[in-house]
């Protein structure tokens, strides 16, 4: 079945690794049903993986920007409109930071809190705002395929012990912003859609250190029927499905959980319950 992505300009933020890079690869793979889209891979500082893809994919372009800075996001969308792929039709907001150290709220500095909020949430607001501004001026042919796909997390649903800053950004994205944006985009593009993908643990460089901690893995997989950590391709495939107005034309305002059936996190070990 044709997903209807031929010639659709899709921007993937945070595309230099993990889920973002895997998503771009799907759009570039001529053997994949997602092929045919015109992809733009965004990065901030790590260009190497994208540079490798550019060498063999003529339908891929790249753009650099620090999405935490308003002027950089404004400039990025202005430059995208003038680049070969033209107006942006779909934006996949994938970039984020995941705090390496576990810090409970009682010990968290305001600087850490603000850094995570700015990097994960304020930047998302800026990207969506500029995308919608440019969409307002776009012709109906561009608006026809309009869509935003946000990348949330199980942390936004269940919380994340000792990483409350990260959990708060994901929860705000998945619910407050997702539900608001799906009502606002149709005022600009009547068929426009906004959805959110919320993965559990995924084997990416961002999560590598945490996944090396066997206790963390056991804690989360204890409530996961499939008993495994996702691979980037598991998430990227679902992103592409939501990108397609053919496959998902009547799907909007949804939070699609990609977590192997996870029912929460294991808070207490047997030894924690002794004497309680």
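In my numbering, the protein residues as written are 8 to 283. Even glycine gets a Cβ: it sits at the ideal position worked out from N, Cα and C.
Check, Outcome
"Coil, strand or helix - residue 263 by DSSP", "strand"
"8 Å Cβ cutoff met for residue 14 and residue 103", "no"
"Coarse secondary structure for residue 47, derived from DSSP in three states", "strand"
"DSSP state of residue 175 mapped onto helix, strand, coil", "helix"
"Given residue 46 as reference, the closest of 25, 68, 52 once Cα atoms are compared", "68"
"Three-state class that DSSP yields for residue 245 in the structure shown", "helix"
"Proximal residues to residue 232 (C-beta, below 6 Å), its chain only, five neighbours per side dropped", "268"
"Given residue 70 as reference, the closest of 54, 158, 229 once Cα atoms are compared", "54"
"Simplified DSSP assignment, three categories, for residue 81", "helix"
"CA-to-CA distance, residue 222 to residue 88, given in whole angstroms", "47 Å"
"Touching by the beta-carbon criterion (3+ pairs, under 8 Å), the stretch 80-87 and the stretch 127-142", "yes"
"For residue 153, the nearest candidate out of 159, 9, 16 (CA to CA)", "16"
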